[in-house]
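There are 2 protein chains.
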Amino acid sequence: MKRLTQQKVETMVRERGLKLTPQRQAIVEFLQGCMNHPTADEIFVAVNERFPMTSRATVYNTLNWLKNAGQVLEVFEGGVARFDPNLDPHYHFVCRACGSVEDIDLDSIGPLPHCTLPGRQTVESFDITMRGLCAKCAPRPTVSVIL
Amino acid sequence: MKRLTQQKVETMVRERGLKLTPQRQAIVEFLQGCMNHPTADEIFVAVNERFPMTSRATVYNTLNWLKNAGQVLEVFEGGVARFDPNLDPHYHFVCRACGSVEDIDLDSIGPLPHCTLPGRQTVESFDITMRGLCAKCAPRPTVSVIL
DNA sequence: TCCAGATTTAGACTTAATCTAATTTCACTA
DNA sequence: TAGTGAAATTAGATTAAGTCTAAATCTGGA
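Protein chains in written order, with numbering that gives the first Met the number 0: chain A, 0 to 146; chain B, 0 to 146.
Below you can see the structure in the form of structure tokens.
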């Protein structure tokens with residue numbers, strides 16, 4: 000289970016001659032403890048509870064820095080960016096009722112078949128977003144899906 | 000091959016007591032002829048070449064109206080909304096070099112297997128976005144992909 | 001042609017995100 | 001432990017996508 004860790008961030012900071020500020024640590028710690036997919040603004044609010052003077056610019060700078068270093072994933076949902084500390088390959092499920100975004104393990108939907116694209120595109124990665132009702136919002140536990 | 004048509008729009012307009020204005024027609028005609036996935040702004044610019052006084056509000060209103068009527072799909076890519084007149088079920092391919100968005104037919108990547116979600120989510124639909132290099136940007140015609 | 005209601009328009013407003021310039025802070029070295 | 005210089009932070013200005021508003025204008029049926 001790969002995931003954003005304080006340790007990885009510290010190593011990265013040392014290697015690149017960067018600085019480990021309390022704001023960065025607070026952002027990293029918040030993301031580490033996150034099981035949902037917070038927006039930049041949610042992170043801004045959470046970090047300001049600990050460091051009341053933290054500016055949006057710092058939050059955005061740090062998120063972009065973590066993103067470029069591959070330490071968080073940026074997930075766009077409905078036009079707003081959300082940030083995901085889960086670094087294992089995975090998909091997303093978005094509830095149409097409550098808007099929550101959940102991670103779906105790669106292996107929980109089974110192996111996908113080999114395939115070939117006829118348009119001569121070189122596929123390097125892909126995202127899958129499933130939509131529907133989450134367990135809380137679903138009226139009954141329908142589970143099977145045809146992909 | 001399902002696709003946005005002027006005829007469907009006319010029928011819809013009649014049924015709901017709405018009005019078929021030249022601006023709406025221009026937007027629909029532009030989308031019909033589109034094989035890429037224009038942004039609202041690209042549609043705004045194109046429509047203004049024919050109707051120079053068309054406002055952004057009209058473009059957004061019409062796009063939302065078509066979207067809610069299921070006549071166009073809204074595709075978010077990199078945080079900006081793009082509009083897709085292709086109503087057949089399909090996936091998308093985004094080129095990381097030129098940013099173009101191409102449609103990928105459902106059947107061109109073969110049937111996907113049945114699967115079950117363990118989290119009790121009810122999956123109603125899903126989007127797949129593949130990323131890589133398109134045929135124009137790819138250095139050589141690598142075609143095979145492991146999904 | 002008339003008319004009511006739908007639509008359009010320009011521009012103000014909102015929200016997410018980036019940029020800027022001045023100030024502050026980190027972390028290394030002596 | 002103090003000094004130093006680069007890196008980072010800050011508040012606020014700016015940009016861009018999209019929504020809202022109120023007044024003016026059109027559409028299409030009678």
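Note that the Cβ used here is the ideal one computed from N, Cα and C, for glycine as well.
About 6 Å separates the beta carbons of H89/A and D104/A, which is inside the 8 Å limit, making them a contact pair. By the neighbour-count criterion, in which 16 or more other beta carbons inside 10 Å mark a residue as buried, M52/A falls on the exposed side.
Under a criterion of Cβ atoms nearer than 9 Å, no residue of chain A is adjacent to M34/B; the nearest Cβ is some 12 Å distant. Between L72/B and chain A, the shortest Cβ-Cβ separation is not below 8 Å. Under DSSP, the beta-bridge partners assigned to D83/A are L72/A.
Going by DSSP, M129/A is part of the beta strand (DSSP E) stretching over 121-132. Taking C-alpha positions only, P37/A is separated from R81/A by approximately 5 Å. The shortest C-alpha to C-alpha distance from Q22/B to any of Q120/B, T61/B, A96/B is the one to T61/B.
In the structure shown, T61/A falls within a helical segment according to DSSP collapsed to helix, strand and coil. For C133/B, the CB contacts under 8 Å within the same chain, skipping 5 residues up- and downstream, are F92, C94, A96, C97, S99, E101 in chain order. Contact with chain B is absent for V58/A, since none of that chain's Cβ atoms lies less than 8 Å from the residue's Cβ. Near chain A, meaning a CB-to-CB distance below 7 Å, the residues of the segment 115-127 of chain B are T115, L116, P117, G118, R119, Q120, T121, V122, E123, S124, F125, D126, I127. Counting along the chain, F92/B sits inside the beta strand (DSSP E) bounded by residues 89-94. Annotation for D40/A: no beta strand (DSSP E) segment contains it, though the alpha helix (DSSP H) segment containing it runs 39-49. Assignment of R15/A by DSSP, reduced to helix, strand and coil, places it in the coil class. Under DSSP, V100/B takes part in a beta bridge, and its partners are V93/B. Under the criterion of beta carbons closer than 8 Å, R2/A and P84/A qualify as touching, at roughly 6 Å.
For F82/A, no chain B residue has a C-beta closer than 8 Å to its own C-beta; the minimum C-beta separation is roughly 13 Å. Residue pairing of R2/B in beta bridges, as defined by DSSP: N85/B. At least one CB of chain B lies nearer than 8 Å to the CB of L132/A. Shortest Cα-Cα distance from D106/B to any of S124/B, D87/B, T121/B involves D87/B. Contact of F50/B with chain A by beta-carbon distance below 8 Å is absent, the smallest such distance being about 27 Å.
Between Q120/A and G131/B, the CB-CB gap stays under 8 Å.
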